[in-house]
Structure formats: C-alpha cells, structure tokens
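See structure below.
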Amino acid sequence: MCDVGAVSPLAMGGTQNKCHPERSARRAQSRRISKKKENIMKKNIKKIGVLTSGGDSPGMNAAIRSVVRKAVFEGIEVLGIMEGYEGLINDKCIGMNSRSVSNILSRGGTILKTARSKEFITKEGQKKAVETIEKNEIDALVIIGGNGSFKGAHVLHDTWGITSIGVPGTIDNDLGYTDYTVGAHTSIDTVLDAVDKIRDTVTSMERIYVMEVMGREEPYIAIMAGLAGGAEEVLFPGGVIDLDKIASEIEEGSKKGKKSWILIVSEGVSTSEDITNKLKDKTGYEVRAVTLGHVQRGGAPNAPDRILASRMGAYSIDALIKGHSGAMVSIQGNKLQLVRYDKACYDADRDMKLYEELYSLTKLLAT
5 MCDVGAVSPL
15 AMGGTQNKCH
25 PERSARRAQS
35 RRISKKKENI
45 MKKNIKKIGV
55 LTSGGDSPGM
65 NAAIRSVVRK
75 AVFEGIEVLG
85 IMEGYEGLIN
95 DKCIGMNSRS
105 VSNILSRGGT
115 ILKTARSKEF
125 ITKEGQKKAV
135 ETIEKNEIDA
145 LVIIGGNGSF
155 KGAHVLHDTW
165 GITSIGVPGT
175 IDNDLGYTDY
185 TVGAHTSIDT
195 VLDAVDKIRD
205 TVTSMERIYV
215 MEVMGREEPY
225 IAIMAGLAGG
235 AEEVLFPGGV
245 IDLDKIASEI
255 EEGSKKGKKS
265 WILIVSEGVS
275 TSEDITNKLK
285 DKTGYEVRAV
295 TLGHVQRGGA
305 PNAPDRILAS
315 RMGAYSIDAL
325 IKGHSGAMVS
335 IQGNKLQLVR
345 YDKACYDADR
355 DMKLYEELYS
365 LTKLLAT
C-alpha cells in the first residue's frame, strides 16, 4: 500500500495517480474521448445561417460581423438569412464572407434586415423554415434578437430538432439571466440625449414635460434614463403609480419656487398623453407630452454595445462548435455563459430591488 500521509499538498495529485494507475488511465481515456467528440462536432458544423429577428437594436451589425468572421476563421461557411424568420420561410439566403461585413461595426440597424413573421407562428410556417434549412444544408443557426425571436428558436429546437444559439439583441434588456442585451446601453444614451435637450426647453419655458420611453414591461430604460437624466419622477412597471401624490409634489415644489419638471413614463405603464392629460386636470398647470418612439432603436452603437456584440457573436460560434444548442449567450458580471431559451424567455429574473433602489436615489437627488 502507498503511504500518502507525509506527502505535501502540492505533490498529492501526482502521488495519487501513482497509487491508482487504473483511475489515471480512465481519466486520460476520458480526456481523449472528450477531445475526439469535440473534433467530430467541429467537423459536423460545416455551414451556419445567421439572422436578425424582431425589433432592431444598435449593435446587431456588430454581432453579425463577429459571427461571420469567427465562423470563417473556424472554416465554417456562412449564409445570411434576410428578414428574419420571414426570410427563412421564403428561402432568402445569401452567401457571406469576411468582406461582406466590412465597415458595419459602427452602423445601427441590421444589414440582414428584420421582420416579425405571423406565418412563422404556425406549424406550416415552421415547416417551410425547416425545409429552407434542409435545402441549404444549414447545420446550425445563430439567431440575433429578443424575447419573441428566442421563443421561435425554442420551438425550432424542441419541436423540429434545429440546432441554434441565440445572441440577445434588444433595447428592452428584458431577457432573463443576462445583465445586458446588445443595444440596451446605446438606447439609454439616446434617451439621455433627448432628456438633456428637453431640459433646456423645460427650464426656459418653466413647464412640466412627460416623456414616454420604450421597454415594454421591463423598467430598465425608464429607471436608468431617469437617474442619469435627473428626472423628477419615473413611472415604471412594478412601481407605485400615484398621480395624486405626484400632483401634490408638483404643487409643493411650485410653492418653493420650482418651475420645471421632467417625468419619465415607461410604455409598460401608460402613454405620455394619458399621464399628461391627468396631470393637467389635477394641477391646472401646462403639461406637455413627448413620445420618443423608435428613435430609441436607431443610431450608431456605443462602445459597450460594440464590445458586447463582438464578444457574444464569437462566443455563439464557439458554443456551436462545442456541441451546444437551444440556448442564448448571456453575460453575468463579466463572464459569458449560456442560458436555455425557455429560462431566458419565460423567467424574467428581474432585479426589482435594484430598480427600487435607483428610483429612490432619483427621487432624493431631484429634491
């Protein structure tokens, strides 16, 4: 029997292998098998299709660029699928190479175009999409989009056996188990630019402005822009909406000499027109409504979104090479990882405690 009692911790691993040659051999064999499986899988992914789906977001082009160039580097052929799932149904595929994605890193929108497809929701539409995949001998898809896009990817994966990895591209930042989605950072900058400009008019004209921002049921855009823009009030999904209290605060502020206010309202709560009309009735003051709308989706992506898109795009190819499927690339902390489509789509993982904390700070700093 081997005596390992006196062996130092640093040497213990080597001594244990000598004491258990069978275990060491099994581990070595396991590593060889694992490596062989990786190599086999890498050879199986010969061609991918990449598409963008749903609402566009700044940084989608950066993600496309990363996916294409990483795939080419790995010896994988790339087809670009135009107009999202609608293009997949109608076989709108184009060949892509490294030159196809030149000079798009700084561009907003998506060179592959995007669409929302009602036909894809149907079994017949899904069948057509699968036929396109089979006809073009596509081994896997990289799907860049948001919640609806990944619900579609989930159906393709679970029902039809289609291999895919998702890259989250949405300004709403509403997918589960990821700190950020591609486009979310830039949308805050866009809203903030508008808030700063409106602030000039608000101060000059001594008015109350209600600004409606996007985000669906996710508070992210409203809360972040509210704090960064110095808003006096933020109405967000999950928060307490008390217009009587807001009207009272406006009255009290007016008595103290405060003449201008900016309120940010998330589209998931109400419209700027609705809140404006109600505050007019309650205060008697002049209140103006501003709806930023789709300008929040446009523009050149900022540095954080370009970096995130580039990292996630390359990671999606690595994930496919390693045999992964049915999952979205996510970032937590600074670490990229995969989260299943169903968890990303149906488990919002919303940090309401953080949102409440940031809202409280916004209110404190606005006094």
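Residue numbers 5 to 371, in the working numbering, belong to the letters of the sequence shown in order.
In this text, a Cβ means the ideal position worked out from N, Cα and C, and glycines have one as well.
Since this is a predicted model, take the numbers as computed values, not measurements.
Run of the beta strand (DSSP E) containing Y213, from where it starts to where it stops
To locate residue 213, count along the sequence shown from 1; it is residue 209. Taken as a continuous stretch (DSSP letters only), the beta strand (DSSP E) holding Y213 covers 212–217.
Would you report the Cα separation of K201 and L55, rounded to the nearest angstrom?
Position 197 of the sequence shown, counted from the first residue, corresponds to residue 201. Position 51 of the sequence shown, counted from the first residue, corresponds to residue 55. The straight-line gap from Cα to Cα measures roughly 36 Å.
Where P308 falls: helix, strand or coil (DSSP):
For the purposes of this step, residue 308 is identified with residue 304 of the sequence shown, where counting begins at 1. P308 falls in the helix class under three-state DSSP.
Contact between the region 237–255 and the region 188–201 is defined here as three or more beta-carbon pairs at a separation below 8 Å; is this criterion met?
Judged by Cβ distances under 8 Å, the region 237–255 makes no contact with the region 188–201, as fewer than three pairs qualify.
Do the region 344–363 and the region 177–186 touch if we need at least three Cβ pairs shorter than 8 Å?
Segments in contact, yes.
Using the C-alpha atoms, what's the distance from L145 back to K50?
Along the sequence shown, read from residue 1 onward, the residue named residue 50 stands at position 46. Along the sequence shown, read from residue 1 onward, the residue named residue 145 stands at position 141. Roughly 12 Å separates the two Cα atoms.
Which residue wins for smallest C-alpha separation from T167, given the options A293, E361, I52?
What you label residue 167 is simply residue 163 of the sequence shown in a count that begins at 1. That would be I52, whose Cα lies nearest to the Cα of T167.
Quick one: grab the DSSP three-state call for G330.
What you label residue 330 is simply residue 326 of the sequence shown in a count that begins at 1. If DSSP states are grouped into helix, strand and coil, G330 belongs with coil.
Does the Cβ-Cβ distance between G129 and S121 come in under 8 Å?
Mapped onto the sequence shown, residue 129 falls at position 125. Mapped onto the sequence shown, residue 121 falls at position 117. The answer is yes: Cβ separation under 8 Å.
Label E42 either buried or exposed according to how many other C-beta atoms from any shown protein chain fall within 10 Å of its C-beta, with 16 as the threshold for buried.
As a working mapping, residue 42 is identified with position 38 in the sequence shown. With a pLDDT of 49 at E42, under the threshold of 50, the modelled position of that residue is not reliable, and no figure is offered here.
Below 8 Å on the Cβ atoms is my guess for L312 versus Y224; work out the distance and round it to an integer in Å.
On the sequence shown, residue 312 is found 308 positions in, with the first residue counted as 1. On the sequence shown, residue 224 is found 220 positions in, with the first residue counted as 1. L312 to Y224, Cβ: 15 Å. No contact.
Taking the straight line between their C-alpha atoms, what separation do you get for S57 and Y213?
For the purposes of this step, residue 57 is taken as residue 53 along the sequence shown, with counting starting at 1. For the purposes of this step, residue 213 is taken as residue 209 along the sequence shown, with counting starting at 1. Cα to Cα, the separation comes out at about 34 Å.
What are the partner residues of S168, as DSSP defines its beta bridges?
What you label residue 168 is simply residue 164 of the sequence shown in a count that begins at 1. Beta-bridge pairing by DSSP links S168 to L145.
So K263 is in the beta strand (DSSP E); what residue range does that whole segment cover?
Counting from one through the sequence shown, the residue named residue 263 turns up at place 259. Neither: K263 is in no beta strand (DSSP E) and is coded neither H nor E.
Using 10 angstroms around the beta-carbon of W265, count the other beta-carbons present and answer buried if the total reaches 16, otherwise exposed.
The residue labelled residue 265 in the question sits at position 261 within the sequence shown. Its Cβ being crowded by 16 or more others within 10 Å, W265 is buried.
Chain C within 8 Å of K51, Cβ atoms only:
Within the model displayed, chain C is absent; a lone protein chain is all it includes.
Could you tell me if H298 is buried or exposed, where buried requires 16 or more neighbouring beta carbons within 10 angstroms of its beta carbon?
Mapped onto the sequence shown, residue 298 falls at position 294. Note on H298: under 16 other CB atoms within 10 angstroms of its CB, so exposed under the neighbour-count rule.
On the premise that H189 lies in contact with D309, defined as a C-beta separation below 8 Å, what is that separation, rounded to the nearest angstrom?
If you number the sequence shown from 1, residue 309 lands on position 305. If you number the sequence shown from 1, residue 189 lands on position 185. Correct: roughly 5 Å between the Cβ atoms.
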